[in-house]
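Q:
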Amino acid sequence: MNLGIDHLFGPGQALRRDIERERGMLGRMAYAWCHDAALADDLAQMAVEKALRAAGQLRDREKLKAWMLRILANCLKDHVRERRDFVDIGSIEETVAADEPTPEEARASRELVRRVRVAVAGLPFGQRQVVTLVDLEECSYAEAGDILEIPIGTVMSRLCRARRALREVLEPVAEDTLGNRLRSVK
Amino acid sequence: MNEERKVSEELLGAFVDGELVAAEWALVAAQVESDPALREEVCRLRAVKERLRHAYASPSGRIASPRRAAKPGWMGLAAASALFALAGWFGHAEWNRPPALDSASAYALRGDWHSLRGDWGSLEGGKVLVHVSSPGREALGAALDEVEDLLRESDRERRPLEVEIVANGPGLDLFQAGDTLLARRLAALKRDYPALSLVACRQTLERRRARGEPVELAPGVSLAPSALHEVVERLRAGWVYVRV
Chain Z
1 MNLGIDHLFG PGQALRRDIE RERGMLGRMA YAWCHDAALA DDLAQMAVEK
51 ALRAAGQLRD REKLKAWMLR ILANCLKDHV RERRDFVDIG SIEETVAADE
101 PTPEEARASR ELVRRVRVAV AGLPFGQRQV VTLVDLEECS YAEAGDILEI
151 PIGTVMSRLC RARRALREVL EPVAEDTLGN RLRSVK
Chain E
1001 MNEERKVSEE LLGAFVDGEL VAAEWALVAA QVESDPALRE EVCRLRAVKE
1051 RLRHAYASPS GRIASPRRAA KPGWMGLAAA SALFALAGWF GHAEWNRPPA
1101 LDSASAYALR GDWHSLRGDW GSLEGGKVLV HVSSPGREAL GAALDEVEDL
1151 LRESDRERRP LEVEIVANGP GLDLFQAGDT LLARRLAALK RDYPALSLVA
1201 CRQTLERRRA RGEPVELAPG VSLAPSALHE VVERLRAGWV YVRV
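Chains as they are written, first to last, in the working numbering: chain Z, 1 to 186; chain E, 1001 to 1244.
Pasting the structure below:
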């Protein structure tokens, strides 16, 4: 039970720590949204700072993650409002292509990661946000709706379209590229 | 069979995402069970989810940045997981063998406790593999709760049951000797239910040690060459698979 101590003395030590702990999660999500590692770090940092300042407003400790994701989504929104050029599919291709040679397995996996990211980057922004919240962070539809400030029906239809698009790109890959690899699992 | 679809794409997605309440869930589950095409759809949806998760699992997704070269372990795990995902989902098509997943375990994928419980009465053989790979004390605690319930129930009803918990990645925290509460619960479970085995992924262990993280496993935890290996073996032996 929250006895209100946080409200009197600012965020308690435990809450501060919990907020800090979500930084990695925020960075991952921000990256999935914008595909720019430096920007993702900045956004995560910004969101953590905002959350620490606003910690008194968090009513339900259980909802910390969703609350922080919502702050992150707003940070990104602010950023987009300032400049619109944050998604650069080309740069994803480049960073991954610049890899040093690695064992075959790692390379195949990296290739898969690259393709998934390119596919995600190709989604309309709204769809990308929904599908990453639900699949990466396992947000419920209600949470995703809260975080992005959209109705659940919108969450469901965006999700549906996002998956349809991803499957169109990814399923042939699974069968061609990885069909062979699968047999080696035996 | 190709006429009007009984389950909409949205509904099927919600099924896979664990977003349906019991009544809806049962309705969709019944249709999925009776329709192989729908089952295939469920598998494919799960595969997409899983791939997405793997594609962004590393911090800020910097898989290729030389600055982050100090994170050697991750790709191996991703490779293992990607292979595993395929082995699990497309495996029966590729292997020309009886399907590794029976109809019950197909629902039980991805930590869907609700469905596992629903199907529990119809399980033959009573072998359940619980794969713990996600981080978070709550998830681990919840997994233990469920395992405990399953064990207790089968004990009461004198039904044979074997449960194995295999942990890798962040899920390995479950077996850390240092975490007193979890470790104590595990020890108690292991003592009360000899049919419970605990298996840690050697690759995760070695990766953690290589990063200089001290790892001390709770007593009674054995090692498998890798979690992937263990899961594939068990699936092929007809175990029900639950991912947490």
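Here a beta-carbon is modelled for each residue, glycine too, at the ideal position from N, C-alpha and C.
What are the residues of the region 1033-1045 of chain E that lie near chain A, defined by any Cβ-Cβ distance shorter than 8 angstroms?
A: Looking at the structure shown, chain A is missing, and the protein chains on hand are Z and E.
Q: Distance check for Ile150(Z) and Arg28(Z), CA to CA, integer angstroms please.
A: Roughly 22 angstroms between the two C-alpha positions.
Q: Taking the alpha helix (DSSP H) that Tyr1241(E) belongs to, which residues open and close that run?
A: That residue, Tyr1241(E), is in no alpha helix (DSSP H); its beta strand (DSSP E) goes Val1240 to Arg1243.
Q: Going along chain E, which residues have a C-beta under 9 angstroms from Ala32(Z)?
A: Ordered by position in chain E, the residues that pass the 9 angstroms Cβ test against Ala32(Z) are Leu1052, Ala1055, Tyr1056 and Gly1061.
Q: So, does the CB of Asp1017(E) fall closer than 8 angstroms to a CB anywhere in chain Z?
A: Asp1017(E) counts as touching chain Z.
Q: Please return the same chain residues whose Cβ sits closer than 6 angstroms to the Cβ of Ala1106(E), not counting the five positions on each side in sequence.
A: At Ala1106(E) the pLDDT is 40, less than 50, meaning the model places this residue with poor confidence; the figure from the coordinates comes in the next sentence. Cβ neighbours of Ala1106(E) beyond the five flanking positions: none.
Q: To the nearest angstrom, report how far apart Leu1228(E) and Leu1198(E) are at their CA atoms.
A: Using only the alpha carbons, I get a separation of about 15 angstroms.
Q: One question on the structure: do Leu1129(E) and Val1215(E) come within less than 8 angstroms of each other, judged by their Cβ atoms?
A: For Leu1129(E) and Val1215(E), no; Cβs fall outside 8 angstroms.
Q: Check whether the region 106-125 of chain Z touches the region 136-147 of chain Z, counting contact only when three or more Cβ pairs, one atom from each stretch, lie closer than 8 angstroms.
A: Too few Cβ pairs lie closer than 8 angstroms, so no.
Q: Strictly below 8 angstroms CB to CB, what residues from chain Z border Ala1014(E)?
A: Here the neighbours are Tyr141 and Met156.
Q: What is the DSSP secondary structure of Glu1094(E), counted as helix, strand or coil?
A: Because Glu1094(E) carries a pLDDT of 29, less than 50, the predicted location of this residue cannot be relied on, and the following value inherits that uncertainty. Glu1094(E) falls in the helix class under three-state DSSP.
Q: Indicate the three-state DSSP secondary structure (helix, strand or coil) for Val134(Z) in the structure shown.
A: Helix.
Q: May I have the straight-line CA-CA distance separating Arg1039(E) from Leu170(Z), to the nearest angstrom?
A: Cα to Cα, Arg1039(E) sits roughly 19 angstroms from Leu170(Z).
Q: Buried or exposed for Val1021(E), please, with buried defined as at least 16 other CB atoms from any protein chain shown within 10 angstroms of its CB.
A: Under this definition Val1021(E) is an exposed residue.
Q: Taking 8 angstroms as the threshold (beta carbon to beta carbon), is Val1048(E) in contact with chain Z?
A: It does: the Cβ of Val1048(E) has a partner Cβ on chain Z nearer than 8 angstroms.
Q: Considering His79(Z), what are the terminal residues of the alpha helix (DSSP H) in which it resides?
A: Residues Leu64 to Glu82.
Q: How about Cys160(Z): is its C-beta nearer than 8 angstroms to some C-beta of chain E?
A: Yes, because at least one Cβ of chain E sits closer than 8 angstroms to the Cβ of Cys160(Z).
Q: Tell me which residue opens and which closes the alpha helix (DSSP H) that His1054(E) is part of.
A: His1054(E) -> alpha helix (DSSP H) spans Pro1036 to Ala1055.
Q: State the Cα-Cα distance for the pair Ala55(Z) and Arg21(Z), rounded to the nearest angstrom.
A: If you take the alpha carbons of Ala55(Z) and Arg21(Z), they lie about 14 angstroms apart.
Q: By the three-class DSSP mapping on this structure, what secondary structure does Leu1228(E) have?
A: It is helical.
Q: For Lys1006(E), count neighbouring Cβ atoms within 10 angstroms of its own Cβ and tell me buried if that reaches 16, exposed if not.
A: Flag for Lys1006(E) reads exposed.
Q: Closest Cβ-Cβ distance between Glu168(Z) and chain E: below 8 angstroms?
A: No, because no Cβ of chain E sits closer than 8 angstroms to the Cβ of Glu168(Z).
Q: If you draw a straight line from the C-alpha of His1092(E) to the C-alpha of Cys1043(E), how long is it?
A: A caution first: His1092(E) carries a pLDDT of 31, below 50, which makes its placement in the model unreliable, though a value can still be read off. Approximately 11 angstroms between the Cα atoms of the pair.
Q: Assuming Leu1161(E) and Gly1126(E) form a contact by the criterion Cβ under 8 angstroms, report the distance between their Cβ atoms to the nearest whole angstrom.
A: Their Cβ separation, rounded to whole angstroms, is 4 angstroms, which keeps Leu1161(E) and Gly1126(E) in contact under 8 angstroms.
Q: Quick check: is the beta carbon of Glu171(Z) nearer than 8 angstroms to any beta carbon in chain E?
A: Yes, because at least one Cβ of chain E sits closer than 8 angstroms to the Cβ of Glu171(Z).
Q: Write down the C-beta distance between Leu123(Z) and Ala165(Z) rounded to the nearest angstrom, noting that I regard them as a contact closer than 8 angstroms.
A: The pair is a contact, with the Cβ atoms about 6 angstroms apart (cut-off 8 angstroms).
Q: Comparing the C-beta of Asp113(Z) with each C-beta of chain E, is any distance below 8 angstroms?
A: The residue asked about is misnamed: residue 113(Z) is Val in this sequence, not Asp. It does: the Cβ of Val113(Z) has a partner Cβ on chain E nearer than 8 angstroms.
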